[in-house]
Every structure is written in C-alpha cells, then in structure tokens.
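Below is one structure, written out as structure tokens, with a few remarks after it.
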Amino acid sequence: MSVIIEGAGTEPARRVDQLLAHYGESHMNPVNERIHFVAIPLIALSLIGLLFAVHPWLAYAFVAASMVYYARLSAVFFVWMTLISAAMLAAVHAMGSHVLWLSAVIFVVAWIFQFIGHHVEGRKPSFVEDIQYLWVGPIFVLSRLFLHLKIRW
813 MSVIIEGAGT EPARRVDQLL AHYGESHMNP VNERIHFVAI PLIALSLIGL
863 LFAVHPWLAY AFVAASMVYY ARLSAVFFVW MTLISAAMLA AVHAMGSHVL
913 WLSAVIFVVA WIFQFIGHHV EGRKPSFVED IQYLWVGPIF VLSRLFLHLK
963 IRW
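For the sequence shown, our numbering assigns the number 813 to the initial residue and increments by one for each residue that follows.
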C-alpha cells in the first residue's frame, strides 16, 4: 500500500501527514495492518480504563491532553477522536467495578497481538523511536478508514 502525503507538491507536507507517512512505513504488511485496526482501539480503550481504575480524573486528564495533541494536528482528527474518546469513556463507565481487570486483560492481549503484527512486518513499533507515535496510532487507523470513505483530513 502506498503512503499518501496530502501536502505533497509545492507546499510542504503538514505535520500530521508527515507523522502518518512515517508511521505507515512500519505498517505496510496487510496482516500487521489488520491487527492494528483491532488492537490499537482496544489498547486505547484499555489505557483509558486502567487510568480510570486509578482515578477517574486521571483518565479524563489523559483524554483531554490527547485532544489537545489531536487539535494541534488536524481539526478533522480532533473531532473524530473526541467522539471516539467519549464513546470509550462511556464503555469504561459501563465496565463498572470490572474496569481494572477487564482493562488489564484487554491491554495485555492487544499488545501481544501488536507485537505479533510487528514480528510479521519485520519492523519494530514506531513508538520505540518516538513516544508520540502511541497517539499517532489511533489516527493512523482513522486515516485508513478516511481514505476508503474519501474524507480529507
């Protein structure tokens, strides 16, 4: 799959496009990409759940900080990630008293699949190089969906 850079041409590529292109370089194997489409949202959900289990405000602060990051990259990703994060917070609330163990199990299983995907890919995860790629992963999944739906970001 080729990586599309929105700003390619006379204008320099936007930061979001550069991040997605770089992230895409280590996610070209179709098996790895399919694993990521499931595992990345599950990891995000479980991380919010784990933070919520420590203290709900910790989860809210993490989501708010993430939204600041996304707002700086793209208005479209910011809107969609706000909606997705709200749904994830609702799911975490629905877990009730099971939030800690459910989130822990989801987190471990999803990461196992992520590492299997990267083993298949033959490349290390992008976040090993730069921690911000943990926040790029969810918008990478969205960007692939947006490409299919012809939504510009």
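Idealized CB from N, CA, C, for every residue including glycine.
Buried or exposed for residue i, please, with buried defined as at least 16 other CB atoms from any protein chain shown within 10 angstroms of its CB.
i, result
"Glu933", "buried"
"Pro937", "buried"
"Ser909", "exposed"
"Ile943", "exposed"
According to the Cβ coordinates, are residue i and residue j closer than 8 Å?
i, j, result
"Phe889", "Ile951", "yes"
"Leu857", "Ala903", "yes"
"His898", "Ile855", "The displayed chain sequence assigns Ala, not His, to residue 898. Contact: no."
"Leu863", "Ala916", "no"
"Ile860", "Phe874", "yes"
Give the single residue among the options whose Cα lies nearest to the Cα of residue i.
i, options, result
"Thr894", "Tyr882, His905, Val904, Ala903", "Tyr882"
"His925", "Pro853, Leu831, Pro824", "Here residue 925 is Phe; the residue named in the question, His, does not match the sequence. Among Pro853, Leu831, Pro824, the Cα nearest to that of Phe925 belongs to Pro853."
"Pro842", "His930, Pro937, Phe958, Leu946", "His930"
"Leu954", "Ile860, Ser886, Ala906, Trp913", "Ser886"
Can you find the residues in the same chain that come closer than 8 Å, C-beta to C-beta, to residue i, ignoring five residues on each side of it along the sequence?
i, result
"Phe939", "Tyr945, Leu946, Gly949"
For residue i, which residues from the same chain have a beta carbon less than 6 Å from its beta carbon, with the 5 sequence-adjacent residues on both sides left out?
i, result
"Ile918", "Leu854, Ser858"
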